[in-house]
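Chemist:
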Amino acid sequence: MTTKRRMGELAMAMQTEGPARRRRSPEGTRNPLVALAIALPVAALLAYAFGAWHQFALQANTVVQLMGH
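Residues in the sequence shown are numbered consecutively from 1, following UniProt numbering.
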């Protein structure tokens, strides 16, 4: 058996036979609103930086007009 093949088998054995990963406890999770508060400013900055802000405003205006009818 070649050394490279043996190393591959050892790596596979470690992946399947190693210690099971524990799930984080529920009290350690982040509130979805916190994640939203982090993601929205970044998304707005990227939209502004790449010029998509004007397109977003135009489509939002169109939706508001359609809802008004």
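No residue lacks a Cβ here, since even glycine has one placed at the ideal position from N, Cα and C.
On the premise that Ala43 lies in contact with Phe56, defined as a C-beta separation below 8 Å, what is that separation, rounded to the nearest angstrom?
Modeler: Translated into positions along the sequence shown, residue 56 becomes position 56. Translated into positions along the sequence shown, residue 43 becomes position 43. Actually they are not in contact, since the Cβ atoms of Phe56 and Ala43 sit about 10 Å apart, beyond 8 Å.
Chemist: In three-state terms, what does DSSP make of Thr3?
Modeler: Stepping through the sequence shown from its first residue, residue 3 is reached at position 3. Three-state DSSP puts Thr3 in a helix.
Chemist: Taking DSSP as the reference, what is the three-state secondary structure of Thr29?
Modeler: Taking the sequence shown and counting its residues from 1, one reaches residue 29 at position 29. Correct three-state label for Thr29: coil.
Chemist: Helix, strand or coil: how does DSSP classify Phe56 here?
Modeler: One-based indexing of the sequence shown puts residue 56 at position 56. In this structure, Phe56 counts as helix in the three-state DSSP scheme.
Chemist: Given Ala35, which residues of its chain have a CB within under 7 Å of its CB, disregarding the five upstream and five downstream residues?
Modeler: For this step, residue 35 is matched to residue 35 along the sequence shown. Hits under 7 Å: none found.
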